[in-house]
Structures are given as structure tokens and as C-alpha cells.
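If you're matching positions, the sequence shown starts at 0 in numbering that gives the first Met the number 0 and goes up one per residue.
Heads up, the thing below is written out as C-alpha cells.
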Amino acid sequence: MRPFDLLQPATVDEAVALLAQHGEDARLLGGGAMLTILLRQRLVAPRYLINVADIPGLNAISSDHNTLRLGAASTLRAIERSDTIRARCPVLAEALRSVGNIRVRNVATIGGHLAHADVHLDLPPVLCALGASVVVLGRHGDRHFSLDELFVGYYETCLAPTEMIAAVDVPTPPPGLQGVYLKYCSLSPNDWPTVGVAAFLRADGERIAEARIVVGSVSPRPLRLTEAEDLLRGERLNSGAVAEVARRYGRAADPLPDIRGSEDYKRRVTEVYVRRAVEAAATRAGLA
Ligand SMILES: Cc1cc2nc3c(=O)[nH]c(=O)nc-3n(C[C@H](O)[C@H](O)[C@H](O)COP(=O)(O)OP(=O)(O)OC[C@H]3O[C@@H](n4cnc5c(N)ncnc54)[C@H](O)[C@@H]3O)c2cc1C
Numbered sequence: 000m001r002p003f004d005l006l007q008p009a010t011v012d013e014a015v016a017l018l019a020q021h022g023e024d025a026r027l028l029g030g031g032a033m034l035t036i037l038l039r040q041r042l043v044a045p046r047y048l049i050n051v052a053d054i055p056g057l058n059a060i061s062s063d064h065n066t067l068r069l070g071a072a073s074t075l076r077a078i079e080r081s082d083t084i085r086a087r088c089p090v091l092a093e094a095l096r097s098v099g100n101i102r103v104r105n106v107a108t109i110g111g112h113l114a115h116a117d118v119h120l121d122l123p124p125v126l127c128a129l130g131a132s133v134v135v136l137g138r139h140g141d142r143h144f145s146l147d148e149l150f151v152g153y154y155e156t157c158l159a160p161t162e163m164i165a166a167v168d169v170p171t172p173p174p175g176l177q178g179v180y181l182k183y184c185s186l187s188p189n190d191w192p193t194v195g196v197a198a199f200l201r202a203d204g205e206r207i208a209e210a211r212i213v214v215g216s217v218s219p220r221p222l223r224l225t226e227a228e229d230l231l232r233g234e235r236l237n238s239g240a241v242a243e244v245a246r247r248y249g250r251a252a253d254p255l256p257d258i259r260g261s262e263d264y265k266r267r268v269t270e271v272y273v274r275r276a277v278e279a280a281a282t283r284a285g286l287a
């Protein structure tokens, strides 16, 4: 590891000022779970680390009628255990339980999780399906990005080097929207996902009023096909339509071959898991 100075801002404003001052020479430090690996492997070698994990208040989890706000320094474990999240967004709490292991979730922060932008993250599919956005602070003030805008590609976000994620806003799911997150690991069950699928359905009587399906790990950005979702809208649940939706996701997947499987294998798993996730969401929504 190359030497660096550890800077400890006491407020978000101080952190933003340090970013403005050191820009390209600095990296933000959240839980450090991934950053320390990157430092040790010398994939990054910043002169300064700006620790945002200990800024008072940046780990707050709050809510109003419409929105759940997760401070960027909230640990994944704190979000998973939050009564507010469990009550108002149980799928997020469920998905969090599948992230790595408790040691990782105890240190990893939601800001660091999203900024890392590894395609194999568990939460982006769920948060994209829920319509989450990030509050970003920099020297030019605050900006808001949907997660669709935030993720640009492999390990790449739209953030400038002088910007930080301050919070993640998750709209409270509308009444009746029921969902699941299904994670498939081809190696150990604690591994990063080979494929992760978030599926949400809302029923209107016996018909599907709304479908949201987002797949992670199999393309440079979370994969959402609105034209495939539209095949379900207004219809009763039927296995033919669900199978067609699943096929379209399998075809659209563009995974990288690695130790977790070949491209073809991952496309097939995508198809199977989209079908299973939609069926599970349908059960929760009272459609099956
Ligand atoms: C052993 C292990 C297993 C894991 N398994 C899984 C898994 O199964 N599923 C899964 O989804 N994830 C997994 N993860 C990743 C984990 O969920 C987090 O994404 C990861 O630890 C990053 O969060 P962090 O707070 O530690 O960020 P850090 O390591 O501190 O930082 C990561 C990146 O984000 C930047 N950053 C940090 N905070 C901010 C901020 N507020 N604004 C802007 N940029 C910021 C840093 O500069 C750095 O570039 C695993 C991690 C480890 C180490």
C-alpha cells in the first residue's frame, strides 16, 4: 500500500471543501471494505483519504410520508435492522440480508456500496426498481440523480472526483406494490451474485396494474426492459407471458464470463431467475 494522509472532516461541508481542494488526489473512505482491497492491490493510490464514515449525522435513517432517506454513511447492517425500513420497505431489508456476510454489512456503507459501482452488487436492482435516487454534494451545490443516471458502466458512476454521495432517497413503495429480490450464487451462498433479480408487481383486481423488473450482475448497468414489463401490464398472470418476459431478459443480458459461469450460462440463469422472481412477486401481490 502506498502511503496516504487520512483526513477526518467533522462535517459534510468540510468533506466537500477537502474534495474541492484535493480533487483527483483524494478518495472518499466509507466503510473501507472495498477501498482497502483496491489500495492494497495498488489499483488506486490516492495521496489523501477523506473519511466520511464518521461524520456525525451522515448515518441517519429518516423518513417522511413519501420518502425513506438513508444517510450515505449508514451501514448496510443498520439499514437491514432499521424498524422503519423493515416496516415500510421490507424487500430492501430482505435483500440486505443476502449481501456478503455480517462482517461486511457491519462496515460497508450505502454511499460506498453505490459509488463502488461493481455490476455484481445486490442493492442496485432493488433500489432501481424502487425508483431510488442519490443526493450528491460538491462545490457547485447539490445534485440529484436517479440510479439509472448514477451508474454509467463497469465501476463507473457519473460523479465528478470532487463530488460525494450524501444520501440515498427511496420512495415509499405505493400501496399494493409487492416484490422480491432473488439472488443466485453459483459458488458459495455468501458470494457476490451471479445473477440478482428484483421483481415488483401491483395488482388491480385479478390483473397486473404495474410490473417492475430489474436484473443485476449481467450487464454494465442494472438491466430494465420496460417493453418486456409492458407485456404483463393489464393482463392476468399467465405462464406464457411470464416465460416471454424472462426470455427477453435472458436475450438482453450481456454478462462477462468469469469463474461464476460462461456468458451463455448466465443468460440462461437470468431467464430462470426472472421467471421465478415474477412468480414469487405475483404470489405476494395476490395474483397467483
Ligand atoms: C468480502 C466482501 C464480500 C462482499 N460481498 C458482497 C455481496 O455479496 N454483495 C454485494 O452487493 N456487495 C458485496 N460486497 C461489497 C459491499 O456491499 C460494499 O459495496 C463495499 O464494501 C463498499 O462499501 P464501503 O462503504 O466499504 O465503501 P469503501 O470501500 O469505503 O469505498 C468504495 C468506493 O466508494 C467511494 N465512496 C465511499 N463513500 C462514498 C460516498 N459517500 N460518496 C462517493 N463515493 C464514496 C470510495 O472512494 C471508493 O471508491 C462485499 C465486500 C467485501 C469486502
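Just so it is clear, CB atoms sit at the ideal spot from N, CA and C, and this is done for glycine as well.
### Query
Cβ atoms of residue 28 and residue 163: under 8 Å apart, would you say?
no
### Query
Should residue 178 and residue 195 be called a contact, given that it needs their Cβ atoms to be closer than 8 Å?
no
### 6 Å CB neighbourhood of residue 104 in its chain, flanking five on each side removed
75, 76 and 98
### Closer than 7 Å: residue 139 CB and nearest ligand 1 heavy atom
It does not: the Cβ of residue 139 is nowhere closer than 7 Å to a heavy atom of ligand 1.
### Query
Cβ of residue 280 less than 8 Å from any chain B Cβ?
Of the protein chains in the structure, only one exists, and it is not chain B.
### Query
Identify the residues that DSSP records as bridge partners of residue 209: which are they?
DSSP lists 201 as partners of residue 209.
### Task
Measure the alpha-carbon distance for residue 106 versus residue 121 and round it to whole angstroms.
About 16 Å.
### Task
Look up residue 177 in the DSSP assignment and give the residues it is bridged to.
200
### Query
Near residue 212, which residues of its chain fall below 8 Å by C-beta distance, leaving aside the five closest residues on each side in sequence?
128, 196, 197, 198, 199, 223, 224, 227, 228, 244, 248, 273, 276 and 277
### Task
Decide if the segment 107 to 121 is in contact with the segment 148 to 161; the criterion is three or more beta carbon pairs, one per stretch, under 8 Å apart.
Because the criterion of three Cβ pairs below 8 Å is met, the segment 107 to 121 and the segment 148 to 161 touch.
### Task
Would you mind listing the alpha helix (DSSP H) stretches within the segment 91 to 121 that are 4+ residues and don't spill past its ends, in chain order?
101 to 106 and 109 to 115
### Query
Who are the near neighbours of residue 53 in its chain, counting only those whose CB is closer than 8 Å to its CB and skipping five residues on each side?
7 and 72
### Task
Alpha carbon to alpha carbon, how far is residue 135 from residue 175? Give it in angstroms, no decimals.
31 Å
### Query
At what residues does the beta strand (DSSP E) containing residue 152 begin and finish?
According to the DSSP assignment, residue 152 belongs to the beta strand (DSSP E) that extends over 150 to 152.
### Query
Under 7 Å from any heavy atom of ligand 2, does the C-beta of residue 163 make it?
Although ligand 2 was asked about, the structure shown includes only ligand 1 as ligands.
### Query
Exposed or buried, residue 256, counting other C-beta atoms within 10 Å across all chains shown (16 or more means buried)?
exposed
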